[in-house]
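Numbering (my numbering), first residue to last: 121 to 363.
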């Protein structure tokens, strides 16, 4: 589970913006109160989005910057607050050079990819109805940008049925999992999962060399490369609030 989408969108609203700001603040406070991560949308509003995230201490709940299309400076600010950066099919578009450059800089353990279906289908399906199975094209494109080999990715969980898509099974060599943030659709994390995750003002860490992730609002940690299966090995520590 998570709270969102929430955030700011100035594309269609150029007038009074206080109502967006107030609701965004309310959602961040609610996420902190109940210990759930945020799914944040920002469009033509990056400066205010980051400012409010800082003022409301969004780092205490963490989350993901959904369908990221902003600059590296915005990504860097979000990463500093403990957020993941999620890329959609937009990164495959020819005119998305800025997004592609950001994708090459985001640490793999802090990167997610998503469909945002039924919108923003990646190349070669641009302009068509998007679906979860197409997420592999986003992964392959980012891997190509980073001169990575997609065959190095491992699958999580080991098998994914055709429920992933109404028309075909997910045939991807990546880490495919239902969004740990309660997102509608699928997210894919590139090879290294984080060693620590943030939830409810605390950081949950796996043993050295292990992996940690949030799933259905709970921290899961594992001691090896296999998918984490329980939270018994998670060690928790308070997150230092930003000044």
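Where a beta carbon is used, it is the ideal one built from N, C-alpha and C, also for glycine.
Values in this document were obtained by computation on a predicted structure and should not be read as measured data.
{"query": "Compute the minimum distance between the beta carbon of residue 264 and the heavy atoms of the ligand FAD, and state whether it is under 7 Å.", "result": "Absence of the ligand FAD from the depicted structure is noted, as is the absence of any ligand whatsoever, leaving it without description."}
{"query": "State the start and end residues of the unbroken beta strand (DSSP E) segment that holds residue 161.", "result": "158 to 163"}
{"query": "Going by DSSP, what residue range makes up the beta strand (DSSP E) through residue 184?", "result": "183 to 185"}
{"query": "What are the boundary residues of the alpha helix (DSSP H) that includes residue 146?", "result": "138 to 154"}
{"query": "In its own chain, which residues sit with a C-beta less than 8 Å from the C-beta of residue 147, not counting the 5 before and 5 after it?", "result": "123, 124, 126 and 158"}
{"query": "Going by alpha carbons, who is nearest to residue 175 out of 156, 233 and 197?", "result": "197"}
{"query": "What are the residues that DSSP puts in a beta bridge with residue 122?", "result": "For residue 122, which the question treats as bridged, DSSP gives no partner whatsoever."}
{"query": "Give the secondary structure of residue 265 by DSSP, where H, G and I count as helix, E and B as strand, and everything else as coil.", "result": "helix"}
{"query": "Could you check the C-alpha separation between residue 238 and residue 245 for me, to the nearest Å?", "result": "12 Å"}
{"query": "Report the residue from 145, 177, 233 and 225 whose alpha carbon sits nearest the alpha carbon of residue 209.", "result": "233"}
{"query": "Do you know how far the Cα of residue 203 is from the Cα of residue 143?", "result": "20 Å"}
{"query": "I'd like to check one pair, residue 152 with residue 131: are the Cβ atoms closer than 8 Å?", "result": "no"}
{"query": "Within 10 angstroms of the Cβ of residue 182, are there 16 or more other Cβ atoms? Answer buried if so, exposed if not.", "result": "buried"}
{"query": "Skipping 5 residues on each side, what residues in its chain have a beta carbon closer than 6 Å to that of residue 194?", "result": "166"}
{"query": "What's the gap between the Cα of residue 224 and the Cα of residue 324?", "result": "27 Å"}
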